[in-house]
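Undergrad: The structure's right below; bear with me while I get my questions together.
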Ligand SMILES: *Cc1c(COP(=O)(O)O)cnc(C)c1O
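In the numbering used here, the protein residues as written are 0 to 482.
Here it is in structure tokens:
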């Protein structure tokens, strides 16, 4: 399997060559040269597999330059019952992503039982093991630099903690995260994890990461890398749970299933699109946005109009507060018939801060064949959905999952099972749960009292040079060297 760039002007690469890379040299995103197809015999065989065994079968089709035995070990290590231990009562311990049936034909796929209670763990855990493996082969080191307002940063830290050859430097706005999120990150005592509380806001943190990334000499000297959402391995890892969800919601491979997906950067639903292209019988992929509805607007009108950061609304489903969907270019590449020149032209406009309009284009007219439909949700919708699911089914869902379910129910077709992706647990969004239900969210036993654990972090000025000095001072000794 080789990987090409969506902008058509970069040489093809193997999986391990793009694993640690960000954008392709021409500014595009990497995608498989062609999507592997699953046969009906494979679907029949895969239906019976455990999550890790299924993940290996799916990933083996995309990762052809890691020996099968090694890949199997890495996948098994990423999906253990011990890592996905925040199950609700009634879930089987080794299910990893159990399907929770609300009513006949209406299900939630629980993707949030990992260490940080959000579905990002599903991909990040695999990434941690893949990074460690590939770095060990080349004897190289990697220093991951990131900015977080909560979710992605903690997921990355829990995936990279204790990994040989890897350090994580994670910037967060000092005193701006919830107590729970702060405790999740700052209670990690692993010597390769560096929590940096920046005296500033999230945008300051992001600006510092950009500044450091643009200092190519520093970046090279200190082997700085990222784990952002455009990473191909993160998308690939997510393809698996569409297969898992499909098998759990059906009895035979003649049935179709629709998935509702709370979306921000288009990573999760992009994986669903690829599963569908592989031949998984998915009827519809239902994209849900919150008030930040750039993607919903595109699927309704054909106009893609990314907003400026200042125009992004802060909502009660904050992980979907995205004004420019970083993975959307992957779907657009398929939509325009895999023509890199067209993508270059469209993203020439986007990268210059503009928009594009495909409403009159031949390709947009054929969009139905990709099964994508969309809708958006508001704070009031979110509260109403959380309340309704609690009252009707005695199940507590988080704000993002509520957005997915709201739009999913609007687009639901009779006779077609609907699986809504559960992307986080409610305990992460206490305030909105209290507002919706007038009670405290449920908290998994493993996280009781996490706020009282000792915390390990440095408080630094919102100044790129100060951060660089800190990184330089902490990258001289080997990672995981105990002081
Ligand atoms: C990241 C995230 C999303 C959005 O997923 P994308 O892959 O960026 O579309 C939705 N819900 C939660 C809880 C998230 O953390």
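Here a beta-carbon is modelled for each residue, glycine too, at the ideal position from N, C-alpha and C.
Mapping DSSP to helix, strand and coil, what is residue 187?
TA: Against the chain shown, residue 187 aligns to sequence position 188. DSSP places residue 187 in coil when its eight states are reduced to three.
Undergrad: Measure the C-alpha to C-alpha separation of residue 441 and residue 285 and round it to an integer number of angstroms.
TA: Numbered from its first residue, the chain shown carries residue 441 at position 442. Numbered from its first residue, the chain shown carries residue 285 at position 286. When rounded, the distance between both Cα atoms is 28 Å.
Undergrad: Where does residue 355 sit, in a helix, a strand or coil, going by DSSP?
TA: Residue mapping note: residue 355 aligns to position 356 of the chain shown, counting from 1. Correct three-state label for residue 355: strand.
Undergrad: Just to confirm my understanding: we take residue 481, look at its own chain, exclude 5 residues before and 5 after, and list those with CB closer than 8 Å. What are they?
TA: Locating residue 481 in the chain shown gives position 482, where the first residue counts as 1. The predicted model places residue 481 with a pLDDT of 46, which falls under 50 and marks its position as unreliable; any figure quoted below should be read in that light. The answer, listed in chain order, is 190.
Undergrad: Less than 8 Å between C-beta atoms, sequence neighbours within five positions excluded: which residues of the same chain meet that for residue 340?
TA: Locating residue 340 in the chain shown gives position 341, counting from the first residue. 7, listed in sequence order.
Undergrad: Going by Cα to Cα distance, which pick from 318, 95, 355 is closest to residue 77?
TA: For the purposes of this step, residue 77 is taken as the residue at position 78 of the chain shown. Among 318, 95, 355, the Cα nearest to that of residue 77 belongs to 95.
Undergrad: My assumption, with CB atoms under 8 Å, is that residue 259 sits in contact with residue 407. Please give the rounded CB distance.
TA: Taking the chain shown and counting its residues from 1, one reaches residue 259 at position 260. Taking the chain shown and counting its residues from 1, one reaches residue 407 at position 408. Residue 259 to residue 407, Cβ: 3 Å. Contact.
Undergrad: Do residue 256 and residue 244 have their beta-carbon atoms positioned less than 9 Å apart in this structure?
TA: Sequence index remark: in the chain shown, residue 244 carries index 245 (1-based). Sequence index remark: in the chain shown, residue 256 carries index 257 (1-based). Yes. Within cutoff.
Undergrad: Can you tell me the Cα-Cα spacing of residue 29 and residue 230, whole angstroms?
TA: Mapped onto the chain shown, residue 29 falls at position 30. Mapped onto the chain shown, residue 230 falls at position 231. Roughly 8 Å separates the two Cα atoms.
Undergrad: Please work out which residues of its chain come closer than 6 Å, Cβ to Cβ, to residue 247, disregarding the five sequence neighbours upstream and downstream, and give them in chain order.
TA: Here residue 247 is taken as the residue at index 248 of the chain shown, counted from 1. Cβ within range, chain order: 98.
Undergrad: Per DSSP, what kind of secondary structure is residue 50 in: helix, strand or coil?
TA: Mapped onto the chain shown, residue 50 falls at position 51. In this structure, residue 50 counts as helix in the three-state DSSP scheme.
Undergrad: Per DSSP, residue 142 forms a beta bridge with which residues?
TA: Taking the first residue of the chain shown as 1, we reach residue 142 at position 143. Beta-bridge pairing links residue 142 to 166, 223.
Undergrad: How many Å lie between residue 74 and residue 166 at the Cα?
TA: As a first step, residue 74 is located in the chain shown; it is residue number 75 there, counting from the start. As a first step, residue 166 is located in the chain shown; it is residue number 167 there, counting from the start. Roughly 21 Å between the two C-alpha positions.
Undergrad: Taking the beta carbon of residue 358 as the centre, do at least 16 other beta carbons fall within 10 Å, making it buried, or is it exposed?
TA: For the purposes of this step, residue 358 is identified with residue 359 of the chain shown, where counting begins at 1. When all chains shown are included, residue 358 counts as exposed.
Undergrad: Below 8 Å, how does it come out for the region 448-464 and the region 173-188: are there three or more Cβ pairs, yes or no?
TA: Result yes; three or more Cβ-Cβ pairs closer than 8 Å.
Undergrad: Measure the C-alpha to C-alpha separation of residue 274 and residue 238 and round it to an integer number of angstroms.
TA: Translated into the one-based positions of the chain shown, residue 274 becomes position 275. Translated into the one-based positions of the chain shown, residue 238 becomes position 239. Residue 274 and residue 238: Cα-Cα distance of roughly 6 Å.
Undergrad: Leaving aside the five residues before and after residue 240 along the sequence, list all residues of the same chain whose C-beta is less than 7 Å from its C-beta, in chain order.
TA: Walking along the chain shown from the start, residue 240 turns up at place 241. Taken in chain order, the residues that qualify are 96, 108, 110, 121.
Undergrad: Leaving out five residues on either side along the sequence, give the residues of the same chain with a beta carbon under 6 Å from the beta carbon of residue 27.
TA: Counting from 1 along the chain shown, the entry for residue 27 is found at position 28. So the list reads 4, 5, 6, once near-sequence residues are dropped.
Undergrad: Excluding sequence positions up to five away, which residues of its chain have a Cβ less than 7 Å from the Cβ of residue 51?
TA: In the chain shown, the residue the question calls residue 51 occupies position 52. So the qualifying residues of the chain are 74, 75, 78.
Undergrad: In its own chain, which residues sit with a C-beta less than 8 Å from the C-beta of residue 80, not counting the 5 before and 5 after it?
TA: Position 81 of the chain shown, counted from the start, is the residue given in the question as residue 80. For residue 80, where only same-chain residues beyond five positions count, the Cβ hits under 8 Å are 92, 93, 95.
Undergrad: Under 8 Å Cβ to Cβ from residue 445, same chain only, skipping five residues before and after it: list those, please.
TA: Walking along the chain shown from the start, residue 445 turns up at place 446. These residues qualify, in order along the chain: 84, 85.
Undergrad: If I follow the unbroken alpha helix (DSSP H) through residue 110, where does it start and stop?
TA: If you number the chain shown from 1, residue 110 lands on position 111. Here residue 110 belongs to no alpha helix (DSSP H), and DSSP marks it neither H nor E.
Undergrad: Nearest to residue 253 by alpha carbon, out of 396, 179, 281?
TA: What you label residue 253 is simply residue 254 of the chain shown in a count that begins at 1. For the residues 396, 179, 281, the minimum Cα distance to residue 253 belongs to 281.
Undergrad: Please classify residue 12: does DSSP put it in a helix, a strand, or coil?
TA: In the chain shown, the residue the question calls residue 12 occupies position 13. Reduced to three states, the DSSP call for residue 12 is strand.
Undergrad: Does DSSP put residue 148 in a helix, in a strand, or in coil?
TA: Counting from one through the chain shown, the residue named residue 148 turns up at place 149. If DSSP states are grouped into helix, strand and coil, residue 148 belongs with coil.
Undergrad: In whole angstroms, give me the CA-to-CA distance for residue 287 and residue 105.
TA: The residue given as residue 287 occupies position 288 in the chain shown. The residue given as residue 105 occupies position 106 in the chain shown. When rounded, the distance between both Cα atoms is 17 Å.
Undergrad: Is DSSP giving residue 456 helix, strand or coil here?
TA: Counted from its first residue, the chain shown places residue 456 at position 457. In this structure, residue 456 counts as coil in the three-state DSSP scheme.
Undergrad: With C-beta atoms as the reference, is residue 397 less than 9 Å away from residue 423?
TA: Here residue 397 corresponds to residue number 398 of the chain shown, with the count starting at 1. Here residue 423 corresponds to residue number 424 of the chain shown, with the count starting at 1. Yes, the pair counts as a contact, with Cβ atoms nearer than the cut-off.
Undergrad: Buried or exposed for residue 148, going by 16 or more other Cβ atoms inside 10 Å?
TA: Position 149 of the chain shown, counted from the first residue, corresponds to residue 148. So residue 148 counts as buried.
Undergrad: Who pairs with residue 421 in a beta bridge, going by DSSP?
TA: Taking the first residue of the chain shown as position 1, residue 421 is located at position 422. Partner(s): 109.
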